[in-house]
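Following: one structure in structure tokens, then a few remarks.
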Amino acid sequence: QKEVEQNSGPLSVPEGAIASLNCTYSDRVSQSFFWYRQYSGKSPELIMSIYSNGDKEDGRFTAQLNKASQYVSLLIRDSQPSDSATYLCAVTGAGSYQLTFGKGTKLSVIP
Amino acid sequence: DGGITQSPKYLFRKEGQNVTLSCEQNLNHDAMYWYRQDPGQGLRLIYYSQIVNDFQKGDIAEGYSVSREKKESFPLTVTSAQKNPTAFYLCATRRSTSGRETQYFGPGTRLLVL
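Chains A and B are the protein sequences, given in the same order.
Under our numbering, residues 2 to 112 are what the first sequence spells out, in order.
Under our numbering, residues 273 to 386 are what the second sequence spells out, in order.
Right, dumping it as structure tokens:
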């Protein structure tokens with residue numbers, strides 16, 4: 002049974018701070034890793050994908066992947082109140098396109 | 273205007289009734305998916321289709337049925353056998369680019385039981 006674990010939060014950070022969201026996964030042969038943002042009552046929106054070890058930066062977002070530790074994280078720099086949402090981590094296995102989702106971490110950015 | 277559309281936005285089901293949720297896409301993506309999301313939970317896969325006229329059960333297919341007669345359309349029927357259908361239903365398509373596979377979601381349908 003493939004599992005993806007996230008701290009449910011809520012994670013509260015002050016405006017302008019760095020928010021750090023973490024995710025661990027159980028399937029050692031997982032290949033692709035995604036972060037989706039979901040506002041309350043809305044559908045998930047893809048914000049980052051990462052496929053190899055290391056860091057990937059896109060604007061204020063940085064995804065970090067460590068396959069040896071089976072760990073993927075998302076850093077949000079200069080957090081804004083508009084970043085307040087639930088962040089879903091999703092993972093695919095080797096040779097599979099099926100996504101396994103974590104339950105999400107709720108982020109609250111305090112003005 | 274391109275993308276994934278789902279209708280209706282809200283749907284009410286009476287006891288013993290079958291209801292059908294619509295999902296349409298004009299992205300020319302081959303693969304389509306249906307997920308269910310319950311409050312405070314991650315997404316769980318109901319059914320998926322890699323190609324027209326073919327579909328596979330996901331983790332929680334019992335009480336649901338699908339069809340894939342056209343590339344653009346992947347409707348989901350919630351049957352009376354699904355005893356706890358209240359949830360947020362999300363349709364997704366998968367884009368394949370240079371060996372990278374990425375899923376994108378429609379706006380969702382919220383199903384409520386009367």
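The beta-carbon is built from N, C-alpha and C at its ideal position, and this holds for glycine as well.
Predicted model only: the values in this text are computed from it and were never measured.
At least one beta carbon of chain B lies nearer than 8 Å to the beta carbon of A:Thr93. If you keep only unbroken beta strand (DSSP E) runs of at least 3 residues inside the segment 330-370 of chain B, you get 336-338, 348-350 and 359-369.
Around the beta carbon of A:Val30, a 10 Å sphere encloses fewer than 16 other beta carbons of the protein chains shown; the residue is thus reported as exposed.
With contact defined as three or more Cβ pairs closer than 8 Å, the segment 370-383 of chain B and the segment 42-50 of chain A are in contact. Shown here, A:Ser83 sits in a helix according to DSSP, grouped into three states. According to the DSSP assignment, B:Glu296 belongs to the beta strand (DSSP E) that extends over Val291 to Gln297. When rounded, the separation of the alpha-carbon atoms in A:Ala69 and B:Ala364 is 30 Å. Neighbours of A:Ser44 across chain B, judged by C-beta separation under 7 Å: Leu362, Phe377, Gly378, Pro379 and Gly380.
At least one C-beta of chain A is nearer than 8 Å to the C-beta of B:Thr374. Its chain contains Phe284 and Thr358 as the residues whose beta carbon lies nearer than 6 Å to that of B:Leu384, once the 5 sequence neighbours on both sides are disregarded; these appear in chain order. One thing to note: A:Ser85 has its Cβ no nearer than 8 Å to the Cβ of A:Leu66. Your pair A:Leu100 and A:Leu22 does not check out as a contact, with CB atoms roughly 17 Å apart and the cut at 8 Å. Counting only the Cα atoms, B:Gln297 lies some 34 Å from A:Gly55. One thing to note: B:Tyr361 has its Cβ within 8 Å of the Cβ of B:Arg308.
In terms of Cα proximity to A:Gly94, the closest of A:Ser33, A:Gly60, A:Tyr52 and A:Ile111 is A:Ser33. The secondary-structure analysis by DSSP pairs A:Glu4 with nothing; it has no beta-bridge partner. Under the three-state reduction of DSSP output, A:Ser33 falls in the strand class.
With at least 16 other beta carbons inside 10 angstroms of its own, B:Arg340 counts as buried. In the three-state scheme derived from DSSP, where H, G and I count as helix and E and B as strand, B:Asp310 is classed as coil.
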